[in-house]
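Counting along the sequence shown from 1, when you hit position 54 you're at 1283 in the numbering used here, and nothing is skipped either side.
Backbone N, C-alpha and C define an ideal beta-carbon position, used for all residues, glycine too.
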Amino acid sequence: MEIGLIYSKDDPRQTETRDFVHSYLRDRGILAQIVEDHQPVASPTVVINGEAVRDRRAKPRDGHGRMFPALADIARAIEQHAWSL
């Protein structure tokens, strides 16, 4: 499995997403190659085997325009890809 992460190191919420992906994989023993790219982006992008994990909401939670994928959505996508291999 290959997981791509595009995120801003300067945003603690985005680094939380990065840390979540790493710990989720480690805690469950899921093998994956993680490719990270640090850019000044408004929200992180998580791509698993070429498929982007998208936020399922129609409008931002707090009105700031940032649409972070929920950690639960990321976990669900990792599990789906891990079991489909």
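Check, Outcome
"V1250 beta carbon less than 8 Å from that of I1263", "yes"
"Cβ pair A1301, V1282 closer than 8 Å", "no"
"P1273 versus I1235 - alpha carbon distance", "6 Å"
"Cα-Cα separation, S1237 to F1297", "12 Å"
"Best match in A1304, A1271, I1232, V1275 for proximity to P1241 [C-alpha to C-alpha]", "A1271"
"Simplified DSSP assignment, three categories, for L1300", "helix"
"Residue from R1257, E1231, S1313 whose Cα sits closest to the Cα of E1265", "E1231"
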